[in-house]
Amino acid sequence: MGIPALVYQANESGGEYTVTIQILAIMTLLSVLPSLLIMMTSFTRIVVVMAILRQAIGLQQTPSNQVMLGLSLFLTLFVMMPVLQVINVQALQPYLSEKITSVQALERAVIPIHEFMLGQTRENDLDLFVRISGRDDIASPADTPIHILIPAFITSELKTAFQIGFLIFIPFLIIDLVVASILMAMGMMMLSPVIISLPFKIMLFVLIDGWALIMGTLANSFGTV
């Protein structure tokens, strides 16, 4: 199936944009997709927690950045799949069937994303950006414009990610403190505690099935069953 032409009202009979302009519009959209992925989905929370986890264990480059980003991306797709399915049914398929215009498709696609972000945004963060914007005509959170909701959503995501990261960091920090205390008591102050504690932290992470625990916690934190 070809790309449906975008219709504009040039005259009473209407008209269509050329394929060149359609391709230009698609390429422009692709260029901003990374920003949309980071700012409007669950990606930020997941990738921050993954980075904190790697730092807590003490592994600087393992897993590699490519593995961490790939893992975060596919977990993001898993979390966002219900939202993507709603967008596909309500916006994409009607647009491809030429039942609605591109503007209507965009308006329909924004609705489930808006609901997802609103459900993950703290009320105080939302109030902060509404107050900064100077808007006094917003009757309820559901009426919040997308340009105000996005920074509030990102702020809430960073707070949640650091809260989860703090809970992850505690058991590994305890291991570091215990190992450092033992080495100091033995007079081995020249030996780095990190070298000794790293195998114990890896063993602990493996014994508690850490990867499954982290993945399940992140998915459930978005209300995904």
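My numbering puts the first residue of the sequence shown at 562, with every later residue one more than the last.
Beta carbons are placed, not taken as given, at the ideal position from N, Cα and C, and that holds for glycine.
Less than 7 Å between the beta carbons of T721 and R606, yes or no?
As a working mapping, residue 721 is identified with position 160 in the sequence shown. As a working mapping, residue 606 is identified with position 45 in the sequence shown. Yes.
If I follow the unbroken alpha helix (DSSP H) through P624, where does it start and stop?
Mapped onto the sequence shown, residue 624 falls at position 63. Unbroken run through P624: none, as it is neither H nor E.
Of the listed residues A666, I736 and F677, nearest to I707 (C-alpha basis):
In the sequence shown, counting from the first residue as 1, residue 707 sits at position 146. Out of A666, I736 and F677, F677 has the C-alpha closest to the C-alpha of I707.
Select from S701, T682, P732 and D737 the residue whose C-alpha is nearest the C-alpha of A713.
Residue 713 sits at position 152 when you count from the first residue of the sequence shown. Of the candidates S701, T682, P732 and D737, the one whose C-alpha sits nearest the C-alpha of A713 is T682.
Which residue marks the beginning of the alpha helix (DSSP H) containing I718, and which one marks its end?
As a working mapping, residue 718 is identified with position 157 in the sequence shown. Reading off the sequence, residue 718 comes out as Glu, not Ile. Note, E718: alpha helix (DSSP H), I707 to A746.
Would DSSP call E577 helix, strand or coil?
Counted from its first residue, the sequence shown places residue 577 at position 16. Here the model assigns E577 a pLDDT of 48, short of 50, so the residue's position is not dependable, and the following value carries that caveat. Strand, per DSSP.
Only counting the same chain, and skipping five residues up and downstream in sequence, which positions put a Cβ closer than 6 Å to that of I725?
Taking the sequence shown and counting its residues from 1, one reaches residue 725 at position 164. Cβ neighbours of I725 beyond the five flanking positions: V610.
On a CA-only basis, which of I599, E668, M588 and F733 is nearest I715? Give me that one, please.
The residue you call residue 715 lines up with position 154 of the sequence shown. Cα-wise, what sits closest to I715 is I599.
So the candidates are L630, G619 and I699; which of them puts its Cα closest to the Cα of L765?
Numbered from its first residue, the sequence shown carries residue 765 at position 204. Considering only alpha carbons, the answer is G619.
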